[in-house]
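Below is one structure, written out as C-alpha cells, with a few remarks after it.
In the numbering used here, the protein residues as written are 2 to 352.
Listed below in C-alpha cells is the structure:
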C-alpha cells in the first residue's frame, strides 16, 4: 500500500476530531468488540477462519444535529469501520460505514441522504439478540443491507406508537454485476411500539424489500418484555433475483428468549432457513460466484445459547455457543454440511 492511500483515511479521521471542538451538539462515538473464537469450519466466523482465532470489530464516528428553525434540524452522521486490529487491516484499515446528512422535523418526519441501514434491515429492532457476532441473523436471512447512494424517510410517530419508513436507492449509482433490474430498488416498513422496550413493552414491525441486495423479501418481527423475560421472533420470506439463483427462495425464522437478572442476561435462540440466501449457506457452498441454479431442498438450522454480563455502562462481557447444521440437493444429489460448532468469549466496549 502506498503512503497516499494510508494518508487519505487518516487525514479524514483527524478532520473529524478537529470538528468536535467546534460543534456544541456533536457527539463523538465508537465501539470496539474483541473475542476469542473456536470453530471447526470457516463458514460462520466473522473472519472466515477455522480453529481458534480472534474476531474483532470496531467503528468510530461523529453524529449530531443543529437547529435551523423551531421545528426543523439538520441531522448528520459520519462513521467508519476500523479494521487495523486484524490482519485484514494491513490492506483496508478504514472502510465506509453509516454516513448521511438530512433534515428532521417533529411534524413532518426525517429525510436522510447517504449510506445507512435500509429500513428493511432496521425493521429487526433488537430481535437479533446476538447481533454483530458469528450468531448474527444474517447468517440465515438475506437483505441485511447497509446501502449507499440512497434516500431514507422516517415518519413522525403516529399516536406515539406507529411509524412508516422507506428507503430508495438511486439506480444510476448502483453496480449491476448480476444482470438484475436496478430501476426499482426500495424498502418499506412500518413499526409499532418501542424497539428498546422502554416506552412500550413491545415492538412489532412489518417490512418489504424490493430488489435491494438482489432479492425480494417480506418480514414480520415481534418482541415483548414480560417481567424478567424478553421474547422475540422473526419470520421472513425471500426470493433471489439473480439468474443463477432463480430457484432460490423460501422462508427463514428465528425464535429467542432472554432472561435478565442483576447484571446478567441469559439468552437462547433457534433459527431455521430453507431459502439458502443467508451468508452461512453461500459461504459453505463455494461463495457468491457459485452457480446455484440446480440447488434445491435447502435446510439450515442454527441453535445458540449464551450470556452477557454488564460490567459497566460502557462495557459488556459475553459468551455464546452456536451450532450450525445444514443439507441441500444439487442436481438431485443430496449433500450434508459439516456440523459447525462455534464457541465465543468476548468483550464489547462502546462510548
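Think of the CB as a built atom: it goes at the ideal place given N, C-alpha and C, for glycine as much as any other residue.
Alpha-carbon spacing of residue i relative to residue j, whole angstroms
| i | j | result |
| --- | --- | --- |
| residue 115 | residue 336 | 42 Å |
| residue 174 | residue 65 | 27 Å |
| residue 152 | residue 333 | 43 Å |
| residue 342 | residue 40 | 6 Å |
| residue 154 | residue 208 | 14 Å |
| residue 165 | residue 112 | 12 Å |
| residue 150 | residue 186 | 12 Å |
| residue 47 | residue 76 | 32 Å |
| residue 22 | residue 312 | Per-residue confidence for residue 22 stands at a pLDDT of 48, beneath the threshold of 50, marking its modelled position as unreliable; no derived number is given. |
| residue 101 | residue 29 | 15 Å |
| residue 96 | residue 157 | 32 Å |
| residue 128 | residue 234 | 7 Å |
| residue 86 | residue 314 | 24 Å |
Integer Cβ distance of residue i from residue j, believed to fall under 8 Å
| i | j | result |
| --- | --- | --- |
| residue 143 | residue 278 | 4 Å |
| residue 251 | residue 236 | Contact flag wrong, Cβ pair sits at about 12 Å. |
| residue 35 | residue 346 | Their Cβ separation, rounded to whole angstroms, is 10 Å, which puts residue 35 and residue 346 out of contact at 8 Å. |
| residue 229 | residue 262 | 6 Å |
| residue 70 | residue 84 | At roughly 40 Å, the Cβ-Cβ gap does not stay under 8 Å, so residue 70 and residue 84 are not in contact. |
Proximity below 8 Å, CB of residue i to CB of residue j
| i | j | result |
| --- | --- | --- |
| residue 303 | residue 286 | no |
| residue 189 | residue 224 | no |
| residue 68 | residue 78 | no |
| residue 99 | residue 80 | yes |
| residue 196 | residue 103 | no |
| residue 88 | residue 168 | no |
| residue 60 | residue 31 | yes |
| residue 231 | residue 124 | no |
| residue 106 | residue 73 | yes |
| residue 296 | residue 331 | yes |
| residue 210 | residue 44 | no |
| residue 159 | residue 272 | no |
| residue 307 | residue 320 | yes |
| residue 310 | residue 265 | yes |
| residue 292 | residue 245 | yes |
| residue 276 | residue 253 | yes |
| residue 27 | residue 350 | no |
| residue 239 | residue 270 | no |
| residue 299 | residue 329 | yes |
Helix, strand or coil at residue i according to DSSP, with G and I counted as helix
| i | result |
| --- | --- |
| residue 109 | coil |
| residue 93 | coil |
| residue 165 | strand |
| residue 196 | coil |
| residue 313 | coil |
| residue 264 | coil |
| residue 172 | helix |
| residue 273 | strand |
| residue 283 | helix |
| residue 130 | coil |
| residue 123 | helix |
| residue 332 | coil |
| residue 136 | coil |
| residue 70 | coil |
| residue 32 | strand |
Residue i, buried or exposed, once every other Cβ within 10 Å from all chains shown has been counted against 16
| i | result |
| --- | --- |
| residue 140 | buried |
| residue 109 | exposed |
| residue 131 | buried |
| residue 282 | buried |
| residue 327 | buried |
| residue 215 | buried |
| residue 194 | buried |
| residue 212 | buried |
| residue 135 | buried |
| residue 117 | buried |
| residue 200 | exposed |
| residue 148 | buried |
| residue 205 | buried |
| residue 227 | exposed |
| residue 247 | exposed |
| residue 53 | exposed |
Residue i Cβ short of 7 Å to the ligand FMN heavy atom set
| i | result |
| --- | --- |
| residue 245 | Of the ligands one can find in the structure shown there are none, so the ligand FMN has no counterpart to examine. |
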